[in-house]
Amino acid sequence: MSDRAKNFATVGKSLRKVDGFALVTGKPEFVADLQLPDTLHVKILGSPYAHARITSIDVTAAEAIPGVACVLTHLNTPSTRHTTAGQGYPEPSPYDSRMFEDKVRFVGDRVAAVAADSEAIAEAALKAIRVQYEELPAVLSMDEARREGAPVIHDESDSPGIYDAARNIVADVDIDVGDVKQGFTESDEIVEFTCETQYAQHTPIETHVVLSYLDSAHRLVLRTSTQVPFHVRRIVAQTLGIPMQQIRVIKPRIGGGFGTKQEVLLEDVAGWVSLQTGRPALLTLTRKEEFEASRTRHPMRVRVKLGAKRDGRLHAIEMEATSNTGAYGSHGLTVLANTGSKTLPLYNKAPNAHFYGQAVYTNLPVGGAYRGYGATQGYFPLETAMDEMAVRLGMDPIELRRINHIQLGETSPIFEKLGEGREGVSQTVKSCELPRCIDIGAERIGWTKKRGKRLKVGSWVHGVGMSIMMQGSGIPEIDMAAATLKMNEDGSFNLLMGATDLGTGSDTILAQIAAEVLGVSLTKMLVTSSDTDLTPFDVGAYASSTTYVSGMAVQRAAEQVRDQIFGVAAPMLGASANDLTLRDDAVFAASGESVSLARVCQRAMYETDQFQIGATASCVPHESPAPFLANFAEVAVNTETGKVRVVHYVAAVDCGVAINPHMAEGQMEGAIVNGIGYALTEEMILSSKGRVRNPSLFDYKILGMLDVPPMDIILVESYEPTGPMGAKSVGEIGINGPIPTIANAIYDAVGVRLTQTPFTPERVLEAIKEAAK
Amino acid sequence: MTITLTINGRERKFEVDPGEKLLEVLRREGYMSVKKGCGTGDCGACAILLNGRSVNSCLMFAAKADGGEILTVEGLATGEILHPVQTAFLAEGAVQCGYCTPGMVMSTVDLLTRNPDPTEREIREALSGNLCRCTGYVKQIRAVQRAAELMKDGEPRV
Ligand code: FES
Ligand code: FES
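Chains as they are written, first to last, in this note's numbering: chain A, 19 to 791; chain B, 1338 to 1495.
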């Protein structure tokens, strides 16, 4: 533990979640758990075609069914263009979506919606809608998208923000450091890899769901499962064309998000139903609909070329990415940019670097934000190429990383050149324990004992691999979070935050930060999070922002409240405010004399110079300090069947001070297991017509308890001087590790390089056979 | 048709459609801890105890449960006093979003009732039908082990 973290009373402790009691006792805390009388059930009709124009749509039979309240189509709903990406305003995603449109662009795209007294009636009504389609030629792969004469997916004239609509190009990024061509000429060794990643989904166990209703003032209330309540309010107002003040968004407990709920997907439809009918409306995606029509990780093809000097120093890095954003450009530009901006700074010593890429439209499922956000796709080829470079140079892969990775006090030109779809912000690294992460991880996996040994057990061959990585903590100069803290006369505090706990435990760790500043126990913090009427603004839970950005807002609010408390307590203790300290629910003077917080607040509320002790503070981060991670895996590869088994996974991570170690570990454990699934089993399989062929949790295989290998998560503490209590964020980084780490371990075991995820038995076996030729 | 269920110790009668699933009936009647994650028997979010055994309520027709005894997570704690399985899940940090938690807890109660001292392998097998996307299962496995210890130490059993 860092020295500065040693003296914390509340921070650094694995305290129980503030919402834990409600969750383990099954209290009705989630969106669909609130039952309102007279609620309408909303169902959506999805397109059967990947690309088609709707030539006519007849809803008379559907409307005539008893119990149907309304049927929505492009003919009777607002047509404002917007993006469904819940990003800061102005969003860097194109405004290429409408609530409903006379054109459909992927199988499952919205055609119409029905609201009825029951789900069964709504489903019957969907079947009664008569739609005539004119099927259009479809773009069903990344390669077809940019081909001369390819069908134009967004041929409408009113969608701003598309880079080159006529060529199906959503976004284009191109940045240079030094002269990469020259750099390769000057290099002694060159390695090049192209890796492809698959369509994959977040699969939170709670699917997307929203309940809308009108309150007593006839305002629209959206109780919704979202990571971005404030962006929901703004984008729904824009989409429906109603004043923002008419909307209140409430985020209750959320059943997981992982990025898919950084999307304003259903709120417009449910909200419009309530506005039209005056009745509550519940819209829940079935698991099948979630697979077909929500969001995915952008599949990518990423090529990495590395040039190094004979001694191992990287001299040139080139990364070229092509991203498939599907039918709509949600997060298209920013995920693409992140593929470079979150990976290339890791190897900051290369004087020459080039990142370029394009995101293209296809008539396939839509990409979106997904934990890792492009970095996952970028680290696969980068860390594979590093592994190969080590082999070529005859170096230990660990050594090669050691001499090339970014260090404390250093910077990278990439920070400034490439940011959130635009220029970034320059920064130097102020905390970095990556060298220790590597040491600890190598020791724990048994690196020197196992590397290159190819231990055979029957037809299983063992190997070990490693990779390193960094991510960020929020989006500098763009994100903004605020928190309000007010004191009650029993010495408790209301902590009101826009920060969005989607199961991550942020309510708890943010309350721990406030409790630490104020010298009280966690039980004195009464947390209210994410209600646009009650809590101050926060961009929401994405980009690993919550601990670092929202945490700093909370810390500042708490510090202001502390100063107000000192102001009131000073005359009570006959001391100067500067000499006071807070601990154990009381204010202490240097003399040792104390007064309880309850007494202080009573005086402020009822006795002298009365006022409400309380403050609101904000944070706009000026940098995005990176958490660092060293991954190690031991795998066993069955040379007969091609099956890959992860035998042991070790992740040593530097996330600054862990505010709540259990929860920081939990973020890592969940992300890594998700990443292992992404590496080995998870894949959305698409038919030749663009339909998802495995839209169920039976056919789309996420890992269960039997599939999870023994894991060691080691928190290697540093102290981030710009972070709240020394903390950095840790929500995303873990998911980037498994793919390259497992790929490198497979290479160590059987000498083949896998370049396409997931590493299914068929692919592995094929690669082994290919290599034997 | 009318069915009779004893839910969390209380006998109740319900009107149900023959095609209605137990999950839908339980949620309609206010047992909101019973979650739907798939509706196809693949995730375990809807797991409850029927006559002491864990079942996925999304697959079962309500009519088939007629006359049965049902325990949901709402019926597990006694006021503020948590069941040891609930305590263990909280103490080990095994709850993130909590959406899988009711099903996970009920399947754990079932396991520990049948097998008070399970090996790690037995835990993994017993809970393999309960999917969790948040935790990576590490802390959940530890929570089950801790719950087994708490229950051995004489904490109240169901
Ligand atoms: S909802 Fe019953 S198993 Fe998923
Ligand atoms: S805690 Fe979120 S699904 Fe298990």
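Ideal Cβ placement from N, Cα and C applies to all residues, glycine included.
Note that this is a predicted model, so its numbers are computed, not measured.
- The Cβ atoms of Pro415 of chain A and Val195 of chain A lie no closer than 9 Å to each other.
- Looking at the backbone, the Cα of His333 of chain A and that of His423 of chain A are separated by about 13 Å.
- In terms of Cα proximity to Ile531 of chain A, the closest of A:Val267, A:Ala676 and A:Glu611 is A:Ala676.
- Taking all protein chains shown into account, Val227 of chain A has 16 or more neighbouring C-beta atoms within 10 Å of its C-beta and is therefore buried.
- The C-beta of Ile1460 of chain B comes closer than 9 Å to at least one C-beta of chain A.
- For a Cβ distance threshold of 7 Å, nothing in chain B lies close to Gly558 of chain A: the least Cβ distance comes to about 16 Å.
- Listed by position along the chain, the residues with Cβ atoms less than 6 Å from a non-hydrogen atom of ligand 1 are B:Lys1373, B:Gly1374, B:Cys1375, B:Gly1376, B:Gly1378, B:Asp1379, B:Cys1380, B:Gly1381, B:Ala1382, B:Cys1383, B:Asn1393 and B:Cys1395.
- According to the DSSP assignment, Thr212 of chain A belongs to no alpha helix (DSSP H) but to the beta strand (DSSP E) extending over Glu207 to Glu214.
- Rounded to whole angstroms, the Cβ separation of Gly350 of chain A and Ala168 of chain A is 17 Å, and the two are not in contact under 8 Å.
- Interface criterion not met: the Cβ of Asn1452 of chain B is under 9 Å from no Cβ in chain A.
- Counting only the Cα atoms, Arg1479 of chain B lies some 23 Å from Asn1393 of chain B.
- The C-alpha of Ile760 of chain A lies about 38 Å from the C-alpha of Ser547 of chain A.
- Annotation for Arg389 of chain A indicates a beta carbon at 8 Å or more from all heavy atoms of ligand 2.
- According to the DSSP assignment, Asp194 of chain A belongs to no alpha helix (DSSP H) but to the beta strand (DSSP E) extending over Ile187 to Val195.
- In this structure the segment 1423–1435 of chain B lies against the segment 1480–1490 of chain B, because at least three pairs of beta carbons, one per stretch, are closer than 8 Å.
- Counting the other CB atoms within 10 Å of its CB gives Val668 of chain A a total of 16 or more, which places it among the buried residues.
- The beta carbon of Leu772 of chain A is closer than 7 Å to those of Ala761, Ile764, Arg781, Val782 and Ala785 in its chain, skipping five residues each way along the sequence.
- At a beta-carbon threshold of 8 Å, the residues of chain B lying near Ile690 of chain A are Gly1473, ordered along the chain.
- In the DSSP annotation of this structure, the continuous segment of the beta strand (DSSP E) that includes Thr502 of chain A starts and ends at Ala499 to Met505.
- Here Met488 of chain A carries a strand assignment [DSSP, helix/strand/coil].
- A direct Cα-to-Cα measurement between Ala355 of chain A and Ile496 of chain A gives close to 15 Å.
- Within the same chain, Met686, Ala689 and Ile690 come within 6 Å of Gly752 of chain A by CB-CB distance, once the 5 residues on both sides are set aside.
- With a threshold of 9 Å between beta carbons, Ile1478 of chain B makes contact with chain A.
- Contact between the segment 1457–1464 of chain B and the segment 1406–1425 of chain B is absent, with fewer than three C-beta pairs closer than 8 Å.
- In the three-state scheme derived from DSSP, where H, G and I count as helix and E and B as strand, His220 of chain A is classed as coil.
- Taking CB atoms only, Arg305 of chain A has a neighbour in chain B less than 9 Å away.
- Annotation for Gln1477 of chain B: no beta strand (DSSP E) segment contains it, though the alpha helix (DSSP H) segment containing it runs Val1475 to Lys1489.
- Under the Cβ criterion of 9 Å, Asp51 of chain A is counted among the residues facing chain B.
- The straight-line gap separating the alpha-carbon atoms of Ala87 of chain A and Gly106 of chain A is approximately 35 Å.
- Lys1372 of chain B sits close to Cys1383 of chain B, with the two beta carbons spaced by under 9 Å.
- For Ile786 of chain A, DSSP records no beta bridge to any residue.
- Close CB contacts of Ile180 of chain A within its chain, under the 7 Å cut and outside five residues either way in sequence, are with Pro112, Asp114, His172, Val188 and Gly347 (chain order).
- Within the segment 504–549 of chain A, the complete alpha helix (DSSP H) runs of at least 4 residues fall at 524–536.
- For the pair Glu625 of chain A and Ala644 of chain A, the Cα-to-Cα distance works out to about 48 Å.
- For Ser568 of chain A, there is no enclosing alpha helix (DSSP H), as DSSP marks it with neither H nor E.
- Looking from the CA of Glu307 of chain A, the closest CA among A:Ala403, A:Ala50 and A:Leu284 belongs to A:Leu284.
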